[in-house]
Structures are given as C-alpha cells and as structure tokens.
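Undergrad:
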Amino acid sequence: MADRVPRSGRLSIAEFDRFVDAQRDERDWELVDGDVVMMTNPTENHEQIAGNIGAPLKLAMDAAGCRSYQGGMRVQRDEDGRGGDKTKPDIVVRCGPRQNRTFVTDPLVIVEVLSPSTMDRDRGPKLAFYKSLPTLRHVVLVYQDQMRVEHYRREAEGWVCEVLTAPDHTLRFEAVDVAIDLDRVYFDVPVLRPIAGG
38 MADRVPRSGR LSIAEFDRFV DAQRDERDWE LVDGDVVMMT NPTENHEQIA GNIGAPLKLA
98 MDAAGCRSYQ GGMRVQRDED GRGGDKTKPD IVVRCGPRQN RTFVTDPLVI VEVLSPSTMD
158 RDRGPKLAFY KSLPTLRHVV LVYQDQMRVE HYRREAEGWV CEVLTAPDHT LRFEAVDVAI
218 DLDRVYFDVP VLRPIAGG
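Residues in the sequence shown are numbered from 38 upward in steps of one, following my numbering.
1. Going by C-alpha distance, which of 74, 196, 193 and 93 is nearest residue 219?
2. Let me confirm a value: residue 165 is counted as buried when at least 16 other C-beta atoms fall within 10 Å, else exposed. Which label applies?
3. Would you grab the beta carbon distance between residue 228 and residue 90 for me? Rounded to a whole angstrom, and I think it's under 8 Å.
4. Excluding the 5 residues flanking residue 40 on each side, which residues of the same chain have their C-beta closer than 8 Å to its C-beta?
5. What are the start and end residues of each continuous beta strand (DSSP E) run of 3 or more residues lying completely inside the segment 49-75, in chain order?
6. Does the distance from the CB of residue 104 to the CB of residue 138 come in under 8 Å?
7. Where do the ends of the beta strand (DSSP E) carrying residue 144 lie?
8. Taking Cβ positions, are residue 70 and residue 122 nearer each other than 8 Å?
9. Would you be able to state if there are at least three C-beta pairs under 8 Å between the segment 79-90 and the segment 109-117?
10. By alpha-carbon positions, which one of 120, 215, 189 and 207 ends up nearest to residue 72?
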C-alpha cells in the first residue's frame, strides 16, 4: 500500500537515497519511475499471503545456497545512482555471493501482494521496471481480495503471463525449483474459493 509524495521533477536513485536518509521518522519509501512513494502499513491478509509464499521459498533457498528476503530488501537496476526505480517488493529471491547491501541488482524472483491503493502502480510502472531487469525470471502479482495470481515468466520468446485462480492451481518458480499450490498461498486468508465439484 502506498501514497505518492507530491513534488516537482523526477528523482534519481542517488537523490532518493539522500531523501530517505534525511527522514526523521519510521515511514518507508519506494522510488517508482522517478516518483517518491510512501508505503503504508500492510493488512493482516497481506502479511499472511506474503508469509505463505515467503516461508517455503526461504526454506528452499536456504537449502539451495540462495537467499529469500521478505519485505525488507530494495531492488534497483545496477549499483550506480542514476536510475529512477528503487522498489521494495514483498518477496525477493536472489542467488550468487552474499553482498550485504540494502538493495539487490540481480533478483531471480519478485512477488508483490496487491492492495487496492497500489494495484495500478504495481501492475503498471513497477511491473515494467521488473520486466526490464536482466536477471529476473519470475514476477508474481497476488491479489488479496480474490483468489487470483498473475505469474509472469521469462521464456526464450519473452514474458508470458499465466493467471491462476483455483486452489489446485500451482505457482511454479522453475528458476529456483519451487512449487506452491494456491490453496497454500491463500491459507488462512478469507477469499472466496470455488465450490469443489461445481
């Protein structure tokens, strides 16, 4: 969930980092297509969904020598401060040597749990930014008001979108060899589920 901060001009990552460093409170921020966006507190359903996906990913990534981060790691294109995007997805998976930075430039998987206030931004400029990252193989957008997952996979011919809407549909992260059924994604989340045998 987020609100745009009104201002004039487009910020670079370096300017955004200076802005964040100057803040004197606990508010959290993202940079999306040059716009500074204040993130608001997530709902319980949002956190439950993120945990339902994040927990199995973390266990699998720990065993594979990779890392899974839930809600705390920013993503930017490269190490210089000239870009206009520095986002904070709900889940990020990366492999490779430990870097101990506050951001990653080489994600394999990104998951965003959608909220009404962020849906347009998440499905618009943030998705376009994610698809432009050369290492990224999976972008997952998860709705919290209905059983719906949009899974964007990078294939040889480009990005392909698969829409999952039933409890027995499976979210497959081929790049990291992890699969999670939607029934597990939405465990303990009150969304309408299809009637069995109907």
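Glycine is no exception: its CB is placed at the ideal position from the N, C-alpha and C atoms.
TA: So, from the listed chains and residues:
1. 93
2. exposed
3. That belief does not hold up - the Cβ atoms of residue 228 and residue 90 are roughly 14 Å apart, past 8 Å.
4. Any answer about residue 40 is weak, because its pLDDT of 49 lies below 50 and its placement is not dependable; what the coordinates show is given next. Correct list, in chain order: 74, 75, 77 and 154.
5. 65-69
6. no
7. 144-150
8. Contact check for residue 70 against residue 122 passes: the beta carbons are separated by less than 8 Å.
9. no
10. 120
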